[in-house]
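The UniProt record's numbering numbers the first residue of the sequence shown as 1 and each following residue consecutively.
All remarks here apply to the structure that follows.
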Amino acid sequence: MSVLVFGSLNLDLVTYADKLPAIGETIVGEKLLKFPGGKGLNQAIAARRAGSEVLMIGSIGNDLDGDFLFDILKSENIDHKFITKTSEQTGIAVIEVSKSGENRIIIIAGANSKTKFSDEVLTSSPLVTVSLAQLETPIIEVAKFIQKSKAAGKITILNPAPIQKLDEALLQDTDYLIANETEASFLVGKAVEHLSKDEAVIIAKQLQKNGAKKVIITLGAQGSIYLDQEKDLFTPAYKVNAVDTTAAGDAFCGAFATAISEHKPVEYALKFASAAGALAATKAGAVPSLPSQQEILSMITSLD
Ligand code: ADP
């Protein structure tokens, strides 16, 4: 009953200043903080804290930043035997944040661009029930991972972020596609930032026509919709005092993968994932905001 995550690991370098510098301008900032990041690592930690065993496939550089991320995997008790060290530098996100909350981000994929899938991972991990991927590593390798996982009888989950075009074969090998509003809209050729529940169901139906099986579209503070061949469901978001929604989507995906790996009904998995997403929105940052299984369960039971 474990979750296998194929994805990125980044060091997030976050600088804080009164304002963002104009082009060519140098300004004095307030501080620089370093955080673990990358959608792969965030979702692996989210799934682990939500209660499942987690194995991660990813790449880091042979450098101090790589050592920092490797230590995070160890401290979170994530199986790291499929993390490889490459000659490329560890992935980095340079994030500038202004007092008013605007940000600018440059991502250096580095070692993440060298992440490869190897069949040996699946043959040597019989307890894996769910394979989970995002798109911060090469899409060709993600497609191989999803396709081989499906062929090996695993439940496959794809979070197409950052968004890019998906071919039909990848959609067909994916059991659960989890996209936010902008990602889902992009996949059907639209540029929409906010969707109503009904609009989301229409887009999910279009995605099914393009080959997707079960589609989840997350709608931020509204909640999420789910569509399979028989039904559609709306799961409202838990009401919280949101301070920073960074990684709400990662918390949702990781927790959903955990509940599905335990063969919970999809209605429950959606509730469990929504509670994780809501809790992640109540704390600043990505990894520090990812909730434990206990926190998720307390939120579900306190509001039932
Ligand atoms: P992403 O971070 O990928 O853009 P969303 O913002 O849609 O994803 O968030 C994922 C899920 O997290 C939502 O479907 C919802 O369940 C939960 N969530 C996100 N923001 C909030 C919020 N402000 N209040 C409560 N729940 C939230």
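Quick reminder that beta carbons are idealized off the backbone N, C-alpha and C, glycines included.
None of the values given here were measured: they were computed from a predicted structure.
At which residues does the alpha helix (DSSP H) containing residue 226 begin and terminate?
Along the sequence shown, one-based indexing puts residue 226 at 226. Premise fails: residue 226 lies in the beta strand (DSSP E), 223-227, not in any alpha helix (DSSP H).
Tell me the DSSP secondary structure of residue 165 in three-state form.
Position 165 of the sequence shown holds residue 165. If DSSP states are grouped into helix, strand and coil, residue 165 belongs with coil.
By alpha-carbon positions, which one of 93, 151 and 24 ends up nearest to residue 105?
Here residue 105 refers to the residue found at position 105 when the sequence shown is read from its first residue. Selected option, being the one with the closest Cα: 93.
Quick check: what's the CA-CA separation for residue 130 versus residue 221?
If you number the sequence shown from 1, residue 130 lands on position 130. If you number the sequence shown from 1, residue 221 lands on position 221. Going by the C-alpha atoms only, they are around 27 angstroms apart.
Rounded C-beta distance between residue 247 and residue 290? I'm assuming under 8 angstroms.
Walking along the sequence shown from the start, residue 247 turns up at place 247. Walking along the sequence shown from the start, residue 290 turns up at place 290. Between residue 290 and residue 247 the Cβ distance is about 7 angstroms, and since that is below 8 angstroms, they are a contact.
Span separating the alpha-carbon of residue 20 from that of residue 245
For the purposes of this step, residue 20 is identified with residue 20 of the sequence shown, where counting begins at 1. For the purposes of this step, residue 245 is identified with residue 245 of the sequence shown, where counting begins at 1. About 21 angstroms.
Would residue 157 be called buried (16 or more neighbouring beta carbons within 10 Å of its own) or exposed?
For this step, residue 157 is matched to residue 157 along the sequence shown. Looking at its Cβ environment, which holds 16 or more other Cβ atoms inside 10 Å, residue 157 is buried.
Using three-state DSSP, classify residue 70 as helix, strand or coil.
Walking along the sequence shown from the start, residue 70 turns up at place 70. Helix, per DSSP.
Which same chain residues end up closer than 7 angstroms to residue 16 when comparing Cβ atoms and leaving out the 5 residues on each side of it in sequence?
In the sequence shown, counting from the first residue as 1, residue 16 sits at position 16. Within the same chain, 29, 30, 31 and 97 come within 7 angstroms of residue 16 by CB-CB distance, once the 5 residues on both sides are set aside.
Under the three-state reduction of DSSP, which class applies to residue 129: helix, strand or coil?
Here the question's residue 129 lines up with position 129 in the sequence shown. In the structure shown, residue 129 sits in a strand (DSSP, three-state: E or B).
Can you tell me which of the three DSSP states residue 150 falls into?
Here residue 150 is taken as the residue at index 150 of the sequence shown, counted from 1. Note: residue 150 maps to helix in three-state DSSP.
Taking buried to mean at least 16 other C-beta atoms within 10 Å of its own C-beta, is residue 229 buried or exposed?
Translated into positions along the sequence shown, residue 229 becomes position 229. Looking at its Cβ environment, which holds fewer than 16 other Cβ atoms inside 10 Å, residue 229 is exposed.
Closer than 7 angstroms by C-beta to residue 193: which residues in its own chain qualify, once you throw out the five before and the five after it? Chain order, please.
Here the question's residue 193 lines up with position 193 in the sequence shown. If we look at residue 193 and ignore the five residues flanking it on each side, its Cβ neighbours are 181 and 182.
Around ligand 1, what residues have a beta-carbon under 6 angstroms from a heavy atom of it, in chain order?
180, 218, 219, 220, 221, 223, 224, 237, 238, 240, 242, 245, 248, 249, 252, 274, 277, 278 and 281
Reference residue 27; option with closest CA among 34, 179, 18 and 35:
Position 27 of the sequence shown, counted from the start, is the residue given in the question as residue 27. It is 18.
Where residue 8 falls, given that 16 or more other Cβ within 10 Å makes a residue buried
Within the sequence shown, residue 8 is the residue found at index 8, counting from 1. By the neighbour-count rule (16 or more Cβ atoms within 10 Å), residue 8 is buried.
Would you call the CB atoms of residue 43 and residue 250 closer than 9 angstroms?
Translated into the one-based positions of the sequence shown, residue 43 becomes position 43. Translated into the one-based positions of the sequence shown, residue 250 becomes position 250. Closer than 9 angstroms, so yes.
Between the stretch 277-294 and the stretch 62-69, can you find at least three pairs of beta-carbon atoms closer than 8 angstroms?
no
Quick one, are the C-beta atoms of residue 109 and residue 136 less than 9 angstroms apart?
Within the sequence shown, residue 109 is the residue found at index 109, counting from 1. Within the sequence shown, residue 136 is the residue found at index 136, counting from 1. Closer than 9 angstroms, so yes.
Using a 10 Å radius around the Cβ and a threshold of 16 neighbouring Cβ atoms, would you call residue 80 buried or exposed?
In the sequence shown, residue 80 corresponds to position 80, counting from 1. Residue burial annotation: residue 80 is buried, with at least 16 other C-beta atoms found within 10 angstroms of its C-beta.
So what does residue 236 bridge to, in DSSP terms?
As a position in the sequence shown, residue 236 is number 236, starting the count at 1. Paired residues: 223.
Is the beta carbon of residue 50 closer than 9 angstroms to that of residue 320?
An answer regarding residue 320 cannot be provided, because it is not within the stretch 1 to 304 covered by the chain.
Enumerate in chain order the residues of its own chain whose CB-to-CB distance from residue 177 is below 6 angstroms, with the five nearest sequence positions on each side excluded.
Reading the sequence shown from its first residue, position 177 is the one you call residue 177. Correct list, in chain order: 158, 212 and 215.
Report, in whole angstroms, the separation of the C-beta atoms of residue 242 and residue 301, which I expect to be a contact under 8 angstroms.
Stepping through the sequence shown from its first residue, residue 242 is reached at position 242. Stepping through the sequence shown from its first residue, residue 301 is reached at position 301. Not really, about 21 angstroms apart at Cβ, beyond 8 angstroms.
Restricting to Cα atoms, I'd like to know which of 232, 144, 48 and 173 is closest to residue 294.
Position 294 of the sequence shown holds residue 294. Cα-wise, what sits closest to residue 294 is 48.
Applying the 10 Å Cβ sphere with the 16-neighbour rule, what's the burial state of residue 33?
The sequence position of residue 33 within the sequence shown is 33, counting from 1. Burial call: exposed.
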